[in-house]
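Chains as they are written, first to last, in UniProt numbering: chain A, 1 to 435; chain B, 1 to 435.
Think of the CB as a built atom: it goes at the ideal place given N, C-alpha and C, for glycine as much as any other residue.
Fair warning: this is a prediction, and the values are worked out from it, not measured in the lab.
2 protein chains.
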Amino acid sequence: MLSKLKTHLANNLSFLQGKKLLLAVSGGLDSMVLTHLFQKLDTTFGIAHCNFQLREAESFGDQEFVQTYADANKIPFYLTLFDTQSYANDYKLSTQVAARELRYHWFYELLATEGYDFVLTAHHADDNLETFLINLSRGTGLEGLTGIPKQNEQIIRPLLIFSREDIESYAKENNIQWREDSSNASDKYLRNKIRHHLVPLFKELNPNFLASFQKTQTYLQEAQLLVEDATDMVFQQIATEKEDGIYFDLHKLLQLDNYNSYLFQWLKEFGFTAWEDIYDLVTAQSGKYVVSEEFRLLKDRDFLILSSLEEFDHQEFWIQENENQLDFPIKLRLSDESHIKNPADKCIFVDKEKLKFPLKIRKWQEGDYFYPSGMHGKKKVSKFFKDEKFSLIDKENTWLLCSDDQIVWIVNHRADQRYLATEFTQHILKIEVHK
Amino acid sequence: MLSKLKTHLANNLSFLQGKKLLLAVSGGLDSMVLTHLFQKLDTTFGIAHCNFQLREAESFGDQEFVQTYADANKIPFYLTLFDTQSYANDYKLSTQVAARELRYHWFYELLATEGYDFVLTAHHADDNLETFLINLSRGTGLEGLTGIPKQNEQIIRPLLIFSREDIESYAKENNIQWREDSSNASDKYLRNKIRHHLVPLFKELNPNFLASFQKTQTYLQEAQLLVEDATDMVFQQIATEKEDGIYFDLHKLLQLDNYNSYLFQWLKEFGFTAWEDIYDLVTAQSGKYVVSEEFRLLKDRDFLILSSLEEFDHQEFWIQENENQLDFPIKLRLSDESHIKNPADKCIFVDKEKLKFPLKIRKWQEGDYFYPSGMHGKKKVSKFFKDEKFSLIDKENTWLLCSDDQIVWIVNHRADQRYLATEFTQHILKIEVHK
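If you want it as structure tokens, here you go:
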């Protein structure tokens, strides 16, 4: 397994060469094997462990286990404790989504503050296969069949080429210790059924099933990118983004055999459900429209016009230096703090002296760029949206917090490196979304 | 089941209203249920039965069974006997592919000669699910997961909304008789495993699995169309078709994040296998190239140039009136016949008096159109290629037989309605591909 990993790193992940790596280690089988493998390789790495405090003593047991291992092996160790449950409650997220947000946010913070280049996680091939089969069993689209990618910005999954079996035998051969996670019993129930009953059947039909499946999934990932390309390209040809909404040119739209698919791709995130009505709108009388909770799609002569039901979309809002909260169009709370504590997607800590008041809240514009925390250099906001797979509505719904029209925070998503508080910051300002 | 079918016909297949329908009936369970259902509906239809002569007495038993049923129920009956095995041998096709070619060719002939509008086949939802799972088990791309479409030109599959279970219970309730097909045992072995072991597991995970799966597959079909759109659109932007080959503009290509996916999509049908070499070619020195059996991809400064290793690609070839065969670039044999017998993709019967000699053999050009047999009116050849899912190489490899530069035959694929021999033809000319 080690030599296969070496070949994989040399052929496909050679950009990791000489880089400072941070391993995400829960203490479970997969991440302990990941750690063991990278100890055998000639690499510099640290270990990051999140204690989500979801399983009381068990969580602290995991924490202690990983910490002890890191200390014994002289591996730099980073720990954070999340109050996952209240974060999930505050922002009405599922526990799983809350944990993911907190975790990746912290990883990006660590990349920035501790000078690491990449985070490595221990996802393996069976994780992807099981997720594929779970989604297939429930009903899904192409995206639900594409799995976790090998790389997503600075998050790398080097074990995706291995099966669970590979990992289990490596653990046995090398006498690796790990902690069993008792959580997610309901998801595990479905996963276990798939793991113990469905997957073996596929392997019986094709002894090389897992390898074929990995190729299948690579093809599907490539297809998904082409779908996104088509969606974007045809959007460029047919849609115009104006002050009062997005105009879809019906003459051009109707030249497409499959224009319904495009309408669906463009509009799916806007909360519409009456698809047949939308498809009918294309040939309906002027003045007909379909609404979702927040948007309206109007047939107006040669156009379909998508516009927000809210009025304030193209306005700017301001926070004065002496104000400690904003209530509209989003709720922000500002407070002076003596130290940085639990930064997350919904809460950043910035250096107050670097800000120029009043701060401005606005929507994004073409040409906007920022310096994403955890990354080197600047990035166009449009590229960030693309990489993060923001849909049209995600973009429409995202507010930017700006100082002197420079972006401080893509609210709820990513802070700008330039304004973040560091250990040398005198006046720490906490800016937080609340609901 | 009948009322669900009625609703489906009204909502999704209303264009069938008042049309003359031809049912493809093998005599098996599915097609006998199809027949029974359409008898209950107020429709005019005929029955077409192919005897592929692959199972000796059994094949004739099926033929007799369907013929007897049609006669007893006063349904117009069309029969053809194929020498499937020799057709497969002659053209080096698998039996299955040969049978499919013969069958659909004959259906299109019947549409034209007997004045039917659509052919209906009895494929149902489980056929698609099983094929999906077979392909998944072997490894596949998006296309392998998309299934048989509800409609493909004039071929309609109205039973795709029903499960095998629906069809079996309808047959039982209505006391329908059918013939069991003992063929395809090897495929049936795999199918049976999937049917009896894999599918029930999915249904256990989700009692509505088949319905969810149908939605999944519809989404995947739509995604596949978007993939094809992206492939075509980017091809238009980046590639130029010249006399000596297809030029891919590297400056433009390299602006795409996923240019390898596009190269793969464009080139996959040209017999290349060294994909890594092709991807490297993008950044290689001028003069480097990769070859497949018939094509070469050359790096030449700012371009990748795809060209045929053969020299005659843009030439024209001629058949004089007194010649009865052509040997190059393809082998055609011409013979006077007294009657029309077994026309197929590889063999057409035309009215010699409508032809203007010499006949010309050439490749297609932008702007070419023809009158496809079995259809009303004319069609652009490019549209025909698209609808038939011709790849670049399929197009490159296809020869047109022309009279006075009008298309008589898209050789191996589709005859032109205008030149086909009819019962009134005095001088029937058979034109046949031979190998």
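*Fully enclosed by the stretch 184 to 241 of chain B, which alpha helix (DSSP H) runs are 4 residues long or longer?*
185 to 193, 199 to 205, 209 to 238
*Which ranges does the alpha helix (DSSP H) cover as unbroken runs of at least 4 residues, wholly within the stretch 365 to 408 of chain B, from first to last along the chain?*
381 to 387, 392 to 397
*Going along chain B in order, which residues have a C-beta closer than 7 angstroms to the C-beta of Arg138/A?*
Asn206, Ser212
*CB contact flag (Ile134/A, Leu226/A, <8 angstroms)*: no
_Going by DSSP, what residue range makes up the beta strand (DSSP E) through Asn51/B?_
45 to 51
*Would you say Leu160/A touches the ligand NAP, meaning its beta carbon is less than 7 angstroms from a heavy atom?*
This structure lacks the ligand NAP; in fact it carries no ligand of any kind.
*asked:* What does the Cβ neighbour count give for Glu366/B, buried or exposed, with the cut at 16 atoms within 10 Å?
replied: exposed
*For Gly139/B, which option in Leu2/A, Leu210/A, Ile361/A, Gln63/A has the closest C-alpha, if you only look at C-alpha atoms?*
Leu210/A
*Going by beta carbon distance, what residues of the same chain come within less than 6 angstroms of Asp416/A, once the five residues before and after it are set aside?*
Phe370, Tyr371, Ile407, Val408
*So Leu23/A and Leu120/A are in contact, right, with Cβ under 8 angstroms, and what is the actual spacing, rounded?*
5 angstroms
_Give me the DSSP bridge partner(s) of Ile340/B._
Answer by DSSP bridge pairing: none, since Ile340/B is not bridged.
*What are the start and end residues of the alpha helix (DSSP H) that includes Leu34/B?*
29 to 40
*Mind pulling the chain A residues with CB within less than 7 angstroms of Lys193/B?*
Leu205
*Test item: CB-CB of Val33/A and Ile47/A under 8 angstroms*: no
*Give every residue of the same chain whose Cβ lies closer than 8 angstroms to the Cβ of Gly61/A, excluding the five residues on either side of it in the sequence, and list them in chain order.*
Arg179
_Near-chain B residues of the stretch 273 to 292 of chain A - C-beta to any C-beta below 8 angstroms_ = none
*Would you mind reading off the limits of the beta strand (DSSP E) that contains Ala24/B?*
21 to 24
*Let me know if Gly141/A comes out buried or exposed under the rule of 16 or more other beta-carbons within 10 Å of its beta-carbon.*
buried
*Mind checking if Ala223/A is an interface residue toward chain B, Cβ cutoff 8 angstroms exclusive?*
yes
*asked:* Using C-beta distances below 6 angstroms, list every residue in its chain close to Tyr262/B, excluding the 5 sequence neighbours before and after it, in chain order.
replied: Val234
*Neighbourhood of Glu143/B by C-beta distance below 8 angstroms, restricted to the same chain and skipping five residues each side*: Gln224
*At what residues does the beta strand (DSSP E) containing Pro351/A begin and finish?*
For the record, residue 351/A in the displayed sequence is Asp; it is not Pro. 347 to 351 is the span of the beta strand (DSSP E), which, as asked, contains Asp351/A.
*Span of the beta strand (DSSP E), counted from its first residue to its last, around Gly245/A*: 245 to 249
*Quick one: grab the DSSP three-state call for Asn174/A.*
coil
*asked:* So with CB distances below 9 angstroms, who are the chain B contacts of Leu16/A?
replied: Here the premise fails: no neighbours, minimum Cβ distance about 20 angstroms.
*How many whole angstroms separate the CB atoms of Pro343/B and Phe349/B, which I take to be in contact at a CB cut-off of 8 angstroms?*
5 angstroms
*Taking Cβ positions, are Lys383/B and Glu316/B nearer each other than 8 angstroms?*
no
*Per DSSP, what kind of secondary structure is Phe60/A in: helix, strand or coil?*
helix
_Taking the alpha-carbon of Glu269/A as reference, which of Tyr69/A, Ser391/A, Thr95/A has the nearest alpha-carbon?_
Ser391/A
*asked:* Contact between the stretch 82 to 91 of chain A and the stretch 197 to 205 of chain A is defined here as three or more beta-carbon pairs at a separation below 8 angstroms; is this criterion met?
replied: no
*Beta carbon proximity, Asn258/A to chain B, threshold 8 angstroms*: yes
*From Ile305/B to Ala171/A, what does the alpha carbon distance come to, in whole angstroms?*
50 angstroms
*Along chain B, which residues have their Cβ under 9 angstroms away from the Cβ of Phe162/A?*
Within chain B, no residue comes near Phe162/A; the closest Cβ sits about 18 angstroms away, beyond 9 angstroms.
*With Ile410/A and Thr422/A assumed to form a contact (beta carbons below 8 angstroms), what rounded beta-carbon distance in angstroms separates them?*
20 angstroms between Cβ atoms; not a contact.
*Sorted by chain position, which residues of the same chain lie with C-beta nearer than 8 angstroms to Lys6/A's C-beta, five sequence neighbours on each side aside?*
Leu41
_C-alpha gap between Lys150/A and Ser94/A, whole angstroms_ = 25 angstroms
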